[in-house]
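Undergrad: Here it is: the structure, laid out below.
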Amino acid sequence: MKETTYIKRPNRTLFIYALIYLAFLYIPVLFLPLFSFNDSIYIAFPFVGFTTKWYSQMYHNEPMFAALLNSIRVGGATSVIATLLGVFGAKAVTRYRMPGKPVAMFIIMLPLVIPGIIMGVALLIVVSRSGIPLSLYTVTLGHILVCVPFAMATLIPRFEGFDRSMEEAAADLGENAWWTFWRVTFPIVFPGILASLLLCFTISFDEFIMAFFLAGTDPTLPIYIFSQLRFPAKLPGVLAMGALILVVSFFVVVFSQWLRLRNSNDITSSGI
Amino acid sequence: MSIEATASGEGMPERKSWRRRFRALFLRSEALRGYTLLSPTMLVMAFAMCLPFIVMVLMSFWTQKGFDIDTSFTLNNYQEAIDGPIYEALLFRSLMISGTCTLATVLISYPMAYYVAFHVHKRKLLWIILMTLPFWTSYLLRVFSWKIILGYNGAINSGLKALGLIDQPLEFLLYSPTAVIITLAHAWAAFAILPIYVSLEKIDRSLLEAAADLGEGPVGRFLRITLPLSLPGVIAATIMIFIPTVGDYVTPALVGGPNGLMLANIIEAQFGRINNWPMGAALAITMLFVVAAVTLIYIWITRKLTARIA
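Chains as they are written, first to last, in my numbering: chain H, 50 to 321; chain V, 1269 to 1578.
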């Protein structure tokens, strides 16, 4: 019956607009892989020739691999800790009625509404005043702050769609709190946890502003890329690496989004 | 859910009763249990947000003396932030650039969100992933790709030249506030689309059908139902874009040129090249207050306006 209302009528103008919009989103990004196969250190049309040498040169780039490893370490630690904090937080705010919950949520979500540079310099000041050397640990701390709101936003819809009577049944059958969590709660919210891990890793892996202030002598990958952008001769190498990063992160994100949205009937409740 | 282990066996009746009383309170008070569970997250966030902020406020009252910092209290940094014409100009430009970018992003994203919310019925998930995917890929690389496109010898200029349409590269493309606005609009598009989409998706379709039955045309339905009901999403989107773009320094540094530099670039320089941390702290706090003030005024105005519509 609904099929006949005007709401369901296809709208060609809007469809074309949507395609143009997607082109605006995607075409700029596709220039990176496109030019990464161009046999010239100048990034310009017309193409000189096809080459894969920028990719093979990358293979021997030791500093880049070191930076990549640093980013993976930071991203791994960040995603695990931020997701753990997110699980505690999401469980608490969805399971219990608490006075002052909006205030608590406001504090936890605060990093979303503070410009990154301000959090970056504030952390830099406190870290250097207390004599802690800048390192990958300080970068990780900064990234945890950035990621916890995202972890919460990913996990809360999962915990909200959760049927509490299952936990109560487990408790009635004699499971204690921890075993109830591991054997009942955890398997049910696991897709959310996995999505949160992947999203936090992606955010940390790409994060530049905080890392720029908080990294010591060990650069993360974005910092390494930024340092290379100043040298025109290094640009094709950056393009090749960028193209690879794009391809990998596309797959990771598609997978994590799919995990996150797959079973939630109500997509609207998942927010950002 | 009880976190405490079961109270131990016989002896020590007094302590046991105290413990039992605590446990009873703990089990009875939902709020207490909730906050116990929330406390790790709360503590980490509050500690890691508040402490740096307090130290930054303190530092903004200090003075840089060569390589040392004089910790006697002074308001000189704020005086300089207000008097120095450069800071005011940069702050104003930051607000202008990110304001324009926010407006442009929301305007171009609204029809897209509308399309997916109202006209996509199959594979909605695919569309949502398609719209938000670029947002999760490297920010730095996305900014860099605009440098490739807009550059002096970039894709547009070299492409037009190869086609014989222009002799000289168009210089206005890169290193201008316009380049910053385009790049930022592209980078933050997902932040506009998602909140708007969510608010549109939540609109009860029967309202629209009722309006149609009562003889309201498509334009009237949009203006009197869809638009007002989607305003919360629009407002959320503007805030979510405005705040991070005001404080961005990567995009201006890469594509902005001297005329596209923003306040965040000078803050970054105070902690690097210029090496005047207290001044940088004062500027960061000034920026935070201005951003907060602009955001709060904006929320207040939009509340008044939406109250009038509804």
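We put the beta carbon where it would ideally sit given N, CA and C, even for glycine.
With distances taken between CB atoms, is the gap from residue 1406 of chain V to residue 298 of chain H smaller than 8 Å?
TA: Counting from 1 along the second sequence, the entry for residue 1406 of chain V is found at position 138. Counting from 1 along the first sequence, the entry for residue 298 of chain H is found at position 249. It is a contact, given that the beta carbons lie within the stated cut-off.
Undergrad: Is residue 135 of chain H near residue 259 of chain H, with beta carbons less than 8 Å apart?
TA: By 1-based counting over the first sequence, the position of residue 135 of chain H is 86. By 1-based counting over the first sequence, the position of residue 259 of chain H is 210. Not a contact, by the Cβ cut-off of 8 Å.
Undergrad: Look up residue 1533 of chain V in the DSSP assignment and say whether it is helix, strand or coil.
TA: As a first step, residue 1533 of chain V must be located in the second sequence, where it is residue number 265. Residue state, collapsed to three classes: helix.
Undergrad: Quick check on the DSSP output: the alpha helix (DSSP H) that includes residue 102 of chain H runs from which residue to which?
TA: One-based indexing of the first sequence puts residue 102 of chain H at position 53. Taken as a continuous stretch (DSSP letters only), the alpha helix (DSSP H) holding residue 102 of chain H covers 102-107.
Undergrad: Between residue 1350 of chain V and chain H, is there a C-beta pair that is closer than 8 Å?
TA: Within the second sequence, residue 1350 of chain V is the residue found at index 82, counting from 1. For residue 1350 of chain V, the answer is no, since every Cβ of chain H falls outside 8 Å of its Cβ.
Undergrad: Just how far apart, CA to CA, sit residue 124 of chain H and residue 257 of chain H?
TA: Translated into positions along the first sequence, residue 124 of chain H becomes position 75. Translated into positions along the first sequence, residue 257 of chain H becomes position 208. Whole-angstrom Cα-Cα distance: 12 Å.
Undergrad: Kindly provide the ranges of any alpha helix (DSSP H) runs that are 4 or more residues long and lie completely inside the segment 156-239 of chain H, ordered along the chain.
TA: With a minimum length of 4 residues, the continuous alpha helix (DSSP H) runs that stay inside the segment 156-239 of chain H are 165-178, 185-209, 213-221 and 226-229.
Undergrad: What's the gap between the Cα of residue 1311 of chain V and the Cα of residue 165 of chain H?
TA: One-based indexing of the second sequence puts residue 1311 of chain V at position 43. One-based indexing of the first sequence puts residue 165 of chain H at position 116. If I take the Cα positions, the gap works out to 20 Å.
Undergrad: Compute the distance between the beta-carbons of residue 200 of chain H and residue 131 of chain H, then report whether it is under 8 Å.
TA: For this step, residue 200 of chain H is matched to residue 151 along the first sequence. For this step, residue 131 of chain H is matched to residue 82 along the first sequence. Yes; because the gap between Cβ atoms is below 8 Å, this pair is in contact.
Undergrad: Evaluate contact between the segment 79-89 of chain H and the segment 285-293 of chain H, counting only Cβ atoms and requiring at least three cross-stretch pairs below 8 Å.
TA: As far as the Cβ criterion goes, the segment 79-89 of chain H touches the segment 285-293 of chain H, which means the pair count is three or higher.
Undergrad: Check the C-beta distance from residue 188 of chain H over to residue 263 of chain H and give it rounded, since I have them as a contact under 8 Å.
TA: Walking along the first sequence from the start, residue 188 of chain H turns up at place 139. Walking along the first sequence from the start, residue 263 of chain H turns up at place 214. Yes, residue 188 of chain H and residue 263 of chain H are in contact; Cβ-Cβ is about 5 Å, under 8 Å.
Undergrad: Just tell me which of H:179, H:117, H:86 and H:118 has its CA closest to the CA of residue 103 of chain H.
TA: If you number the first sequence from 1, residue 103 of chain H lands on position 54. Of the listed residues, the one whose Cα sits closest to residue 103 of chain H is H:86.
Undergrad: By DSSP's criteria, residue 1332 of chain V is part of a beta bridge. Which residues make up the other side?
TA: Numbered from 1 along the second sequence, position 64 holds the residue referred to as residue 1332 of chain V. Residue 1332 of chain V is bridged to V:1337.
Undergrad: Anything in chain V within Cβ reach of residue 108 of chain H, meaning under 7 Å, just list it in chain order.
TA: By one-based count along the first sequence, residue 108 of chain H stands at place 59. Those do not exist, as residue 108 of chain H stays about 20 Å from chain V at its closest Cβ, beyond 7 Å.
Undergrad: If we cut at 8 Å on Cβ distances, does residue 1532 of chain V have a partner in chain H?
TA: Translated into positions along the second sequence, residue 1532 of chain V becomes position 264. Chain H contact via Cβ: present.
Undergrad: What would DSSP say about residue 1421 of chain V, mapped onto helix, strand or coil?
TA: Here residue 1421 of chain V is taken as the residue at index 153 of the second sequence, counted from 1. Residue 1421 of chain V: coil per DSSP, three-state reduction.
Undergrad: Take the Cβ of residue 255 of chain H as the centre, count every other Cβ of all protein chains shown within 10 Å, and call the residue buried at 16 or more, exposed below.
TA: On the first sequence, residue 255 of chain H is found 206 positions in, with the first residue counted as 1. Counting Cβ neighbours within 10 Å, residue 255 of chain H comes out buried, since at least 16 surround it.
Undergrad: Please go through the same chain and pick out, in chain order, the residues whose beta-carbon is closer than 6 Å to the beta-carbon of residue 1301 of chain V, but skip the five residues on each side of it.
TA: One-based indexing of the second sequence puts residue 1301 of chain V at position 33. Taken in chain order, the list of residues that qualify is empty.
Undergrad: Closest by CA to residue 62 of chain H, which one among V:1380, V:1490 and V:1308?
TA: Translated into the one-based positions of the first sequence, residue 62 of chain H becomes position 13. Nearest of V:1380, V:1490 and V:1308 to residue 62 of chain H, Cα basis: V:1380.
Undergrad: Within 8 Å (strictly less), CB to CB, does residue 1490 of chain V reach chain H?
TA: Working through the second sequence from its first residue, we reach residue 1490 of chain V at position 222. No, no contact with chain H.
Undergrad: Using CA coordinates, which residue listed in V:1465, V:1562 and V:1517 is at the minimum distance from residue 1392 of chain V?
TA: Numbered from 1 along the second sequence, position 124 holds the residue referred to as residue 1392 of chain V. Nearest C-alpha to residue 1392 of chain V: V:1465.
Undergrad: Could you give the uninterrupted runs of the beta strand (DSSP E) lying entirely in the segment 1326-1411 of chain V, keeping only those of 3 residues or more?
TA: Segments of the beta strand (DSSP E) lying fully in the segment 1326-1411 of chain V: 1331-1333 and 1336-1338.
Undergrad: With H, G and I counted as helix, E and B as strand and the rest as coil, what does DSSP make of residue 252 of chain H?
TA: Sequence index remark: in the first sequence, residue 252 of chain H carries index 203 (1-based). Correct three-state label for residue 252 of chain H: helix.
Undergrad: Can you list, in chain order, the residues of its chain with a C-beta nearer than 7 Å to that of residue 113 of chain H? Leave out the 5 residues immediately preceding and following it.
TA: As a working mapping, residue 113 of chain H is identified with position 64 in the first sequence. 107, 273 and 290, listed in sequence order.
Undergrad: From residue 1374 of chain V to residue 193 of chain H, what does the alpha carbon distance come to, in whole angstroms?
TA: To locate residue 1374 of chain V, count along the second sequence from 1; it is residue 106. To locate residue 193 of chain H, count along the first sequence from 1; it is residue 144. Cα to Cα, residue 1374 of chain V sits roughly 29 Å from residue 193 of chain H.
Undergrad: Which residues, taken in chain order from the segment 1292-1317 of chain V, show a beta carbon closer than 7 Å to some beta carbon of chain H?
TA: Listed by position, the residues of the segment 1292-1317 of chain V near chain H (Cβ gap below 7 Å) are 1298, 1299, 1301, 1302, 1303, 1305, 1306, 1308, 1309, 1310, 1312, 1313, 1314, 1316 and 1317.
Undergrad: Skipping 5 residues on each side, what residues in its chain have a beta carbon closer than 7 Å to that of residue 64 of chain H?
TA: Against the first sequence, residue 64 of chain H aligns to sequence position 15. Once the five neighbours on either side are set aside, residue 64 of chain H has no close Cβ partner at all.
Undergrad: So, are the CB atoms of residue 1388 of chain V and residue 174 of chain H less than 8 Å apart?
TA: The residue given as residue 1388 of chain V occupies position 120 in the second sequence. The residue given as residue 174 of chain H occupies position 125 in the first sequence. Not closer than 8 Å, so no.
Undergrad: Provide the residue(s) that pair with residue 1544 of chain V in DSSP beta bridges, ordered along the chain.
TA: Position 276 of the second sequence holds residue 1544 of chain V. None, per the DSSP bridge assignment.
Undergrad: Quick one: list the residues of chain H neighbouring residue 1285 of chain V, beta-carbon separation under 7 Å, in chain order.
TA: Residue numbering aside, residue 1285 of chain V sits at position 17 when the second sequence is read from its first letter. Per Cβ cutoff of 7 Å: no residues; residue 1285 of chain V is ~23 Å from chain H at best.
Undergrad: Please report the straight-line C-alpha distance between residue 205 of chain H and residue 198 of chain H, rounded to a whole angstrom.
TA: Taking the first sequence and counting its residues from 1, one reaches residue 205 of chain H at position 156. Taking the first sequence and counting its residues from 1, one reaches residue 198 of chain H at position 149. Whole-angstrom Cα-Cα distance: 10 Å.
Undergrad: Going along chain H in order, which residues have a C-beta closer than 9 Å to the C-beta of residue 1568 of chain V?
TA: On the second sequence, position 300 is the one that residue 1568 of chain V refers to. Per Cβ cutoff of 9 Å: no residues; residue 1568 of chain V is ~16 Å from chain H at best.
Undergrad: If you measure from the beta carbon of residue 87 of chain H to each beta carbon in chain V, is any gap under 8 Å?
TA: Taking the first sequence and counting its residues from 1, the one referred to as residue 87 of chain H is at position 38. No, its Cβ sits nowhere closer than 8 Å to a Cβ of chain V.
Undergrad: Work out the CA separation of residue 1348 of chain V and residue 73 of chain H for me, nearest whole Å.
TA: Mapped onto the first sequence, residue 73 of chain H falls at position 24. Mapped onto the second sequence, residue 1348 of chain V falls at position 80. Distance between the alpha carbons of residue 73 of chain H and residue 1348 of chain V: 42 Å.
Undergrad: For residue 219 of chain H and residue 229 of chain H, I'd like the C-alpha separation in whole angstroms.
TA: Here residue 219 of chain H refers to the residue found at position 170 when the first sequence is read from its first residue. Here residue 229 of chain H refers to the residue found at position 180 when the first sequence is read from its first residue. Spanning the two alpha carbons is a distance of roughly 6 Å.
Undergrad: Classify residue 319 of chain H as buried or exposed, calling it buried when 16 or more other Cβ atoms lie within 10 Å of its own Cβ.
TA: Position 270 of the first sequence holds residue 319 of chain H. Legend: pLDDT at residue 319 of chain H = 42, less than 50; position of this residue unreliable, value from coordinates given subsequently. With 16 or more Cβ atoms within 10 Å of its Cβ, residue 319 of chain H is classed as buried.
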